[in-house]
Amino acid sequence: MHADPNIFAQEPPGNAVGLAVLIVLLIGTGCQQNSSNPSTDVPMKDVSTDAESQPAKDAALPTTNPERQPCPFHEASAATGLVFQHENGMFGERYILEIMGPGSALFDYDGDGDLDIFLVQGKSLDPTVTASNTASPELSMCHRLFQNDLTTDAAGNPVVAWTDVTVAAGLIFSDYGMGVIAGDYNNDGHTDLYVTCYGQDRLLKNTGNKTFEDITEQAGLLAEPAWSTSASWVDFDRDGLLDLFVCQYLEWSPAIHVPCESPWGGLGYCGPKSFSPSRSRLYRNAGGGKFTDVSQTSQIAGKPGAALGVVGADINGDGWPDLFVANDAMPNHLWINQHDGTFRDEAMIRGCAVNGEGSAEGNMGIIAADFFHHGQIDLFITHLKSEHATFYQNLGEGHFVDITANLGLDATTRPYTGFGTGAIDFDNDGASDIFITNGGVQIDPSQEREGIAVPLRQRSLLFHNVGENQPEFNLIQGCACLDYEETGRGAAFGDLDNDGDADILVSNNHGPARLLLNDAGQLRHWLGVRLIDGADGSEYNAYGAVAELIRPDQPSLTRRCATDGSYLSSSDPRIIFGLGDSRETGVVRVRWPDAVVEEWDRLTCDEYHDLRKGTGTRRNN
Amino acid sequence: MAPFNLGSTRRRLIFATLFAIAVGAALVSTWNFETGLPPDSPARNESQTEEIPIPETPWGRNAPEVQRHVEESRKSLEEIKTRHDAPPIALANAYGQLGEIYLTYDLPPGAIACFRNASRLDPGNFRWPWLRAMAHYTAVETADAYAAMTEALHQLEQDYSAGPEHHLAARCFLGDAALRLNMMDEARRHFDEAIRLNPNSGFAHFRRGQLESRAGQSELSIQDFQDAMTQYSASGVVPGPVCLALAGEYQKLGRDADAAKYRRLAETGPADFVVSYVNPLMTRIRLLNQSSSYLRQAAELDVSRGNYPEALKKIATGLRGSPDSLKLRMLRVDILMRLGRTDEALAELGEVRRLDVHGSTGRAQLCELYSRNPATRSEALAEALRWQSEQPNSLRPRLTLAAIYFQMEQYQQARDILTTSAREYPQELSPQIGLATAICAMGDYAAAVAVYDELLPKFPENAELRHNLARFLVTCPTETLRDPARALKILAELIAEDNSFDLQETMACALADAGRIPEALALLQDLKSQLGASEQFFKHHRLADLEKSFESGLPWREDWPFAGAEHSRFNQTR
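Chains as they are written, first to last, in numbering that gives the first Met the number 0: chain A, 0 to 620; chain B, 0 to 573.
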């Protein structure tokens, strides 16, 4: 750093990502669940059945105790009518932009009690195509909204079916979309959407009559066009209104694009270090549908960072929401809430800026969940291939230690580049499991030679947590719809068929959306809760509230009511507690965002309950 | 030939050799048992006698220089193979050399096949399984890497050419890989041995401390972390990860004050400290890389060390393989500009613009070079105006245009552009600093100080801003605005974080302005001794000018921060 009289803008420092290239020969068969693949370019492959196509040997290490059990999920996108193909806009220039999206949202847009799906779309980056499409975008080039027409069959089993309601909902927008986050910014009981874009983001107000209205400008959210990625609705000042944090990635535009060499010297995709990192944005909800940009005054804009993931949660246990931001190829930021509208980055001293060896990694997707039954938020971050996903255990009050290798998550995650990730108890045994969707960022020459348009495909990973009081992860193997390779990016989690277990929606880059329906969780007992605040007629999800299930002789389970985390995606804010083989529901203790604590007991298992603030038994904080 | 005599020295030697071989075989068996690897692990499959075919590399669309490098080496191998009188060791070396080239380009399948063949022909050489371990590691095949390094470890224990650094690195590698593979007992064994070999191994102590932490042995863990701390601190570095690991253990024990102490200490260390160890065989492998991306990175390192001739050599090599590499060419431009070789820089920029007609690469630099020479400033202005009209919403063309107006001393135009830019890009510091500079240039120094004071709370951690303010406070021509005490305080804080040349130079100015001329001169002498012969020529000039001024008993004055020799309206009169 030095003072320099020269205020000429400098070229960004050149530094192509030097990734090792794993040669993966992929010759597969179709996934048994996917008889009608919407994309001819993206056939679903079951590499687990092909000896020549082992993606990485570490995936089969004896130390990981791979479980060969019936697959807990089946892929059901096309079968249920969810047909969507993401367009990354590529036209030969290999822009870094084209390989970073998209995400999706699982949210109940029509208030009918089941989750609907919003899928983020890109658009062509070829200037000539973009120009012709701007005025009247085709539906295929728009974000899409699918309504869940959930029914039951004769045997009483839920049946999911999707209807594309994009046009009816007034969502004909053509953006270069990246991600989306759902939240009720005006507490009217209708879930709104904030769509992050390369360019101008959009705030889409849910009118309550199955339509949306773009209120970006009137809400004061028009900003200098930039590259937004993940976002979080978080009431950082605890005034009862959701504020908005928006990750900003890089200072990039086609005009400053510089061709980057692949590790072998040919044309590849640039890494984040080829461009300047951006400064993320924080908007305070001033009420009346207006937002104020407080990025500067809150200190958030004081530190640039190539931000890809964010979680707004009380990390240090002081009752105020903090912000954990995953930065690509840079130290993470942990913005600790100072209770006065400002934040201070304490990631370095709290042990979650870099991994345990001191390396700043390619941080992407985030899980913020309690894996140790200690009521504290642990962090799990997905990373580049040849790095490993990193698990930071919260030792208390938001001080972390990297224990990745201790949990068997090091060698098993190193062969993959992870993006979307979530803590779901897929088998409802009470322990949070981990799902990761993977996809490379450097071209796989073998896939390129096969003519695959985006040769970045990798399989997904599902780790089963078999630990009692502390996590212990086994990799699930031999499951076709997890083993098939696509360019995974976003992953959203929620109970789409209301059967009491978490399903998964994976958003693939330049590929189809994949719906993984859970077949395992409903075989165990469970307890579902929706945490609700607000008066009759305008009840809304109490984002930021925390529910704890307390049972005798069992470790307590703590879950957040939130939609953020993962990567570019928005998940179901409802909470599912897996009860295993027990019907005992114990006591559910809820800590509301304003620190009020209430308890409920004698809730019946295997169903959802609406827990309204003020209706429980009040407890001292 | 003498009859075989059990009593002869020669026979005793033969017997000893046979005995050693037998013991060695027993050791092999024991070792594999100790690794706990499955029976079909690669470590047991090295007895193949058949040549292992080298897999074809899927070159993708563009990898001409790498492909050429590999094929040349492969041709050498094929030539040796046709020579029937070539000893196996020569063929092993040829395979090894080809494997190293595959390895340097991150092409592990080819490297693994080559090193397997080298081991087949030269079975006692620890280098081949060692390098195969590195290839497996590159391929993210940690279990195979562990097995191969186990084999290497066994062989290097019988190889007197191996030094203690090889033994230590092998143990560190194996311990690390075992830890990643969740093989905690094996990891512990390797780190114990590494520490026995070298009790000063910070890496081994740190990793063993992590194992002990996992086992709940906090006291042992703390001891190992403290040992790691001692080793790394001995080289003058505060190892952040070790501090945080210690803090974590103390927190587990409820010793919150100790935990807090180490967290505070972690904050004082360099952010990029990584706990690592030296791998003696990989240092040379990396130097084989002739890809443009690697050469560019190596050249950038040379530039950071001020070794411009070496950087230019690497760039020339890289451009032979990748003549279209804009990044290599722009790095060359940067170096040529630093060296004042303007004509060559302009020629290179012409090539860059030809290769990137529709992009912006090199435009700012092209404008800057044109604007340096009064004869070509009109061309600079024309180019910048054209660029701005093409990208009206982009900040870079605007800043470039403002800089050209500066060079042309058209400060009002520069100020107008920067005022607009500062308003439209409130989060960007460059237009704001530029605006303050423009205000200075127009002589309104009080307004400039106001701008700086307004910016400081908005960008409290920005070192460039603080440095500019400090510089201004001790070089400003208006006496009432100078404040050497404040500047010295700011500079002391900045230098504590980054003891750079420019900061020290400003410190010399501050000392002089505070009347401490002898100290300022001493600091200048120190700075001069730090400058290498190939360093930026203008730094030499600037120091000479400062020295001249201080020797005359006069502090340094500038129209705006770092106006220096190029704009020394005030100093020239002295």
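Using N, Cα and C, we set each Cβ at its ideal position, and we do this for glycine too. Just so it is clear, the structure is predicted and the values come from calculations on it, not from any experiment.
Beta-carbon gap between residue i and residue j smaller than 7 Å
i      : j      : result
A/A333 : A/A325 : Residue identity check: residue 333 of chain A is Leu in the sequence provided, not Ala. No, these two residues do not count as a Cβ contact at 7 Å.
A/A285 : A/T291 : yes
A/E86  : A/G121 : yes
A/Y197 : A/Y175 : yes
A/T562 : A/A181 : yes
B/A193 : B/R213 : no
B/A440 : B/Y410 : yes
A/T389 : A/I380 : yes
A/L530 : A/C560 : yes
A/L170 : A/L138 : no
A/Y483 : A/Q457 : no
B/W127 : B/A117 : yes
A/P303 : A/G311 : no
A/W599 : A/G613 : no
B/L417 : B/L434 : yes
A/R349 : A/G397 : yes
B/R295 : B/L327 : yes
A/A254 : B/Q364 : no
Expected contact under 8 Å - CB spacing of residue i and residue j to nearest Å
i      : j      : result
A/R550 : A/E583 : 5 Å
B/L338 : B/Y307 : 6 Å
A/L578 : A/L526 : 6 Å
B/A176 : B/F190 : Between B/F190 and B/A176 the Cβ distance is about 12 Å, and since that is not below 8 Å, they are no contact.
B/L472 : B/R485 : 6 Å
A/L548 : A/F472 : Between A/F472 and A/L548 the Cβ distance is about 22 Å, and since that is not below 8 Å, they are no contact.
Reference residue i; option with closest CA among the options
i      : options                           : result
B/S321 : B/Y293, B/D497 and B/F205         : B/Y293
B/P87  : B/D333, B/D105, B/S212 and B/D121 : B/D121
A/G308 : A/C246, A/M177 and A/Y268         : A/C246
B/I100 : B/R353, B/A177, B/H68 and B/A151  : B/H68
B/G98  : B/I53, B/A85, B/H83 and B/A138    : B/I53
A/Q199 : A/G207, A/D213 and A/N186         : A/D213
A/F117 : A/P258, A/D191, A/T215 and A/R93  : A/D191
A/P554 : A/N468, A/N362, A/V596 and A/V528 : A/N468
A/G421 : A/L378, A/A230, A/S275 and A/S537 : A/L378
B/E50  : B/P63, B/E77, B/R328 and B/E70    : B/E77
B/A519 : B/K538, B/D497 and B/L542         : B/L542
A/L514 : A/S279, A/A160 and A/P572         : A/A160
B/I284 : B/L490, B/G95 and B/K547          : B/G95
A/Q146 : A/L556, A/A168, A/E386 and A/D236 : A/A168
B/E463 : B/V450, B/P425, B/L502 and B/R115 : B/L502
Buried versus exposed, by CB contacts within 10 Å (16 or more), residue i
i      : result
B/T436 : buried
B/E504 : buried
A/D57  : With a pLDDT of only 36 at A/D57, under the threshold of 50, the placement of this residue in the model should not be trusted, and no figure is reported.
B/V22  : Only weak support is given to the placement of B/V22: the predicted model assigns it a pLDDT of 37, under 50, and the value that follows is read from those uncertain coordinates. Looking at its Cβ environment, which holds fewer than 16 other Cβ atoms inside 10 Å, B/V22 is exposed.
B/A15  : Here the model assigns B/A15 a pLDDT of 42, short of 50, so the residue's position is not dependable, and the following value carries that caveat. Flag for B/A15 reads exposed.
A/G450 : exposed
A/G355 : buried
A/K272 : buried
B/E248 : buried
A/G361 : buried
A/S47  : Because the pLDDT of A/S47 is 32, which lies under 50, any placement of that residue in the model is unreliable, and the question is left without a value.
A/R617 : exposed
B/H357 : exposed
For the 8 Å Cβ check, are there 3 or more pairs between the region 560–568 of chain A and the region 96–113 of chain A?
yes
Pairing CB atoms from the region 71–84 of chain A with CB atoms from the region 535–544 of chain A, are three or more of them under 8 Å?
no
Between the region 423–432 of chain A and the region 443–458 of chain A, do at least 3 Cβ pairs fall closer than 8 Å?
no
Tell me whether the region 603–614 of chain A and the region 581–595 of chain A touch, counting them as touching only if at least three CB pairs, one residue from each stretch, are closer than 8 Å.
yes
Check whether the region 553–561 of chain B and the region 464–484 of chain B are in contact - that is, three or more C-beta pairs closer than 8 Å.
yes
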